[in-house]
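Chains as they are written, first to last, in our numbering: chain A, 148 to 239; chain B, 148 to 239; chain C, 148 to 239; chain D, 148 to 239.
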C-alpha cells in the first residue's frame with residue numbers, strides 16, 4: 148500500500164539522513180568536550196529540522212488521507228479526531 | 148578542557164545513540180510505506196527525546212558554567228545573556 | 148454568517164473570560180511584588196489555556212470549513228494550505 | 148519586599164494590559180462570528196506576547212534572585228532546580 152507521502156519520500160529520506168548526521172555530530176561534540184551553548188544550538192537545530200519533516204508528513208497526510216476520507220465519507224470523523232490528536236502532540 | 152556536562156556525558160551519549168536509532172527507524176518506516184500517523188508519532192517522540200537531552204545539558208550548564216561566572220564575577224552578564232538567548236531558542 | 152465554532156461559542160467565550168481574569172491576576176501579582184516563579188507559573192498556565200482554546204477552534208474549523216471545502220471541491224487546496232499555515236504558527 | 152522585576156514592572160504591566168485587550172478582542176471576534184483562521188492568528192499572537200512577558204520575568208529572575216543565591220551561596224541548589232523546573236514548564 149502506498150501512502151500520502153509517496154511523492155515526497157525521497158526528499159523526506161534525504162532530510163532524515165541529514166538529521167541522523169547532525170545527531171552523530173552532537174555525539175562527537177560531547178566527545179570533544181565542546182562548549183555547552185554550541186551543543187544546545189545544535190540540538191535546537193535538530194529539533195527544528197525534525198519538526199519541519201513532521202510538518203511535511205502532516206501536510207501530505209491532510210491533503211491525502213484526510214481529504215480522501217472526507218470525500219468518500221468514510222471514517223471521516225475518525226480521521227479528523229486522529230489528525231487533531233497528532234496536532235495536539237506536536238504543539239504541546 | 149572539560150565542561151559542565153562531563154559527569155552526565157555517558158548518559159547523554161547513550162540517549163543520543165538511542166535518538167540516532169529512532170531516526171533510522173523513521174527512515175525504515177517511510178521505506179515500508181507505514182501509516183502517516185505512526186510516522187508522526189515517532190517524529191514527535193524524537194523531538195521530545197532531543198528536547199530532554201537539551202534540558203539536561205542546559206541544567207549542567209547553569210549549575211556549572213553560569214554559576215562559576217557569577218561566583219567569580221567574571222563575564223557574568225555575558226553568561227546570563229547567552230543563557231537567556233538559548234532558552235529563547237528552545238521555547239520558540 | 149455563522150462559522151464552524153458556533154456550537155462551541157458559549158464554552159469558548161467562558162474560557163476566554165477566565166483567561167482575561169488570569170491576565171488581570173498576573174497584573175495584581177506584579178503590583179503586590181509576588182515571587183517571580185509564581186508569576187511565571189501563572190503565565191505558563193495562561194499560555195496553555197490560550198493554546199487549548201486555539202485547539203478547540205482549530206478542531207471546529209477542520210470539521211467544519213475544511214471538510215466542507217473538500218466535500219464541495221471548492222477552494223480545497225487553499226483551505227488546506229491555510230490550515231497548514233496556521234498549524235505551523237502554533238507549533239513554532 | 149521587592150523582586151528582581153521591579154525595574155521592569157511598568158513595562159510588564161503595560162504589556163499585560165495590552166494582552167488583556169487582545170483577549171477581549173478575541174471575545175468580540177467570536178461574538179461577531181469572525182473567520183476561524185483570523186481568530187487563530189489572534190490567539191497565536193496572544194500566546195507569543197504572553198511568552199515574551201514570561202521571558203522578561205525569567206531574565207530578571209535569573210539576573211536577580213538566582214545570581215544572588217549563587218553569590219551568597221545560599222539555597223543555590225534550590226534556586227537552580229526551581230529555575231530548571233520553570234524552564235521545563237515553558238518549553239513543554
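Here a beta-carbon is modelled for each residue, glycine too, at the ideal position from N, C-alpha and C. Please read these numbers as outputs of a predicted model, since none were measured by experiment.
With contacts defined as CB atoms closer than 9 Å, residue 163/B and residue 174/A qualify as a contacting pair. Looking only at 206/A, 189/A, 222/A, 179/A, the smallest Cα-Cα distance to residue 159/A is reached by 206/A. If you look at residue 167/B, you'll find it in the alpha helix (DSSP H) that goes 156 to 178.
Scanning its chain for C-beta atoms nearer than 6 Å, with the 5 sequence neighbours on each side dropped, one finds around residue 151/B the residues 207, 208, 211, 212, in chain order.
Legend: CB atoms of the segment 213 to 233 of chain B lying less than 7 Å from CB atoms of chain A belong to residues 229, 233. Among the residues facing chain A, residue 190/C is not included, as its CB has no counterpart in that chain under 9 Å away. For residue 191/D, the enclosing alpha helix (DSSP H) begins and ends at 183 to 208.
Looking from the CA of residue 153/D, the closest CA among 178/C, 171/C, 168/C, 155/C belongs to 178/C.
Considering only beta carbons, the part of the segment 177 to 207 of chain C lying closer than 8 Å to chain D consists of 177, 178, 180, 181, 182, 183, 184, 186, 187, 188, 190, 191, 193, 194, 197, 198, 200, 201, 204, 205, 207, in chain order. Here DSSP, grouped into helix, strand and coil, assigns residue 225/D to helix. Within a 10 Å sphere around the beta-carbon of residue 232/C sit fewer than 16 other beta-carbons, which makes this residue exposed.
Nearest in C-alpha terms to residue 156/B, of all of 184/B, 193/B, 201/B, 169/B, is 201/B. When Cβ-Cβ separations below 9 Å define contact, residue 154/A makes no contact with chain C. Per the Cβ contact rule, the segment 186 to 202 of chain D is in contact with the segment 182 to 202 of chain C (3 or more Cβ pairs under 8 Å). Rounded to the nearest angstrom, the Cβ distance from residue 170/D to residue 166/C is 6 Å, consistent with a contact under 8 Å. The three-state reading of DSSP puts residue 220/B in coil, since its state is none of H, G, I, E or B.
Using beta-carbon distances, residue 162/D does not count as an interface residue toward chain B, since no partner is under 9 Å. Rounded to the nearest angstrom, the gap between the Cα atoms of residue 218/D and residue 185/C is 23 Å. Proximity of chain B to residue 171/A at the Cβ level (cut-off 7 Å) is accounted for by 167, in chain order. Just measuring C-alpha positions, the residue of 204/B, 180/B, 187/B sitting nearest residue 181/A is 204/B. By alpha-carbon distance to residue 238/D, the top candidate from 172/C, 187/C, 168/C is 187/C. At the C-beta level, residue 216/D and residue 225/D come within 9 Å of one another. Cβ-Cβ distances below 8 Å link residue 223/C to 216, 217 in the same chain, with the five nearest sequence neighbours on each side left out; the list follows chain order.
Setting aside the 5 residues that flank it on each side, residue 172/C is surrounded in the same chain by 189, each with a C-beta closer than 7 Å to its C-beta; the list follows chain order. Annotated three-state conformation of residue 151/D is coil, per DSSP. Inter-residue distance for residue 183/B and residue 228/A is about 14 Å (C-alpha atoms, whole angstroms).
If you draw a straight line from the Cα of residue 236/A to the Cα of residue 236/B, it comes to about 20 Å.
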